[in-house]
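Okay, so here's the structure we're looking at.
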Amino acid sequence: MSYTQKTRLLEAGITLVVLFNYLQAVLSMTPEAQMDPTLASGLLIKLVIQTVVMLVIMHSILATFNSKYANQAKDEREQAIALKAKSVSLFILQLGVVNAVFALLVDQVYPIPMSPVHQLVIAALLSEVIGAAVETWLLHRG
Amino acid sequence: MAKLAITNTIRTQRFHHNEMTQQQLADHVGVTRQTIAAIEAARYSPSLEVAFKIATVFGQPLENIFQYSP
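Chains as they are written, first to last, in the numbering used here: chain A, 300 to 441; chain B, 1438 to 1507.
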């Protein structure tokens, strides 16, 4: 397994954990609490701090055990695969944005149990997880 | 997965160069071992730059390393 593959797998895992924590926090809120901007921004700040801390720690550990490859840039094949995975990731994000806009529009008529802001954040996290998973799989396939 | 129309003799060339490992070739060319493995198995077509670098490592012209069969 190449260093890039390990890092992307690690990032997918970390984002999955963060997504799970975020979903758990959002689903345990009442619909009124979900709409509260103070609570939402607090949750977002917690998410960012959690992600940054976990990524820095895990990357440091990975770089320590793979010091030879840690500073190497991605080669042309890895860059091409990253580009392909990014397009999948962006497609998921676009779906998330369309879904959030749709939720915002129909919210007056049919109340939706989850705030569009949280739907956007979940779509962003989900797109990152799927993008990293696709990249890892493509790197593994060759 | 369908193989590409470009075949290569990298495995043979490595054998003739004192059983050079994929990692050694990758270090010479400046790519990962996985990329060399993908090129060797004809699952990935390298850029011209990488193709020339591989040919240079083996001291052969490019057409001795890569062949196009439509």
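Don't be surprised by glycine CBs; every beta carbon is placed ideally from N, CA and C.
Cβ neighbours of Val433(A) within its own chain (closer than 6 Å, five residues either side excluded): Ala384, Val387. For the region 1474 to 1489 of chain B, the residues whose beta carbon sits under 9 Å from a beta carbon of chain A are, in order, Ala1474, Ala1475, Ile1476, Ala1478, Arg1480, Tyr1481, Pro1483, Ser1484, Glu1486, Val1487. In the three-state scheme derived from DSSP, where H, G and I count as helix and E and B as strand, Asn370(A) is classed as coil.
The beta carbon of Gln1504(B) sits closer than 8 Å to the beta carbons of Ile1443, Thr1444, Asn1445, Thr1446 from its chain, once the five residues preceding and following it are set aside; these are given in chain order. In the three-state DSSP reduction, Tyr302(A) falls in the helix class (H, G or I). Neighbours of Thr1458(B) in chain A, taken as residues at a C-beta separation under 7 Å, are lacking, since the least C-beta distance is about 15 Å. Residues of the region 356 to 384 of chain A whose Cβ lies closer than 9 Å to any Cβ of chain B, in chain order: Tyr368, Gln371, Lys373, Asp374, Glu375, Arg376, Glu377, Ala379. Taking a contact as a CB-CB distance under 8 Å, the pair Leu343(A) and Ile421(A) does not count as one, their CB atoms being some 12 Å apart. Around the CB of Ile1476(B), 16 or more other CB atoms lie within 10 Å, so the residue is classed as buried.
The region 1449 to 1507 of chain B is shown to contain whole alpha helix (DSSP H) runs of 4 or more residues at 1459 to 1466, 1470 to 1477, 1485 to 1495, 1499 to 1502, in chain order.
Look at Ser414(A): its C-beta is not under 8 Å from any C-beta on chain B.
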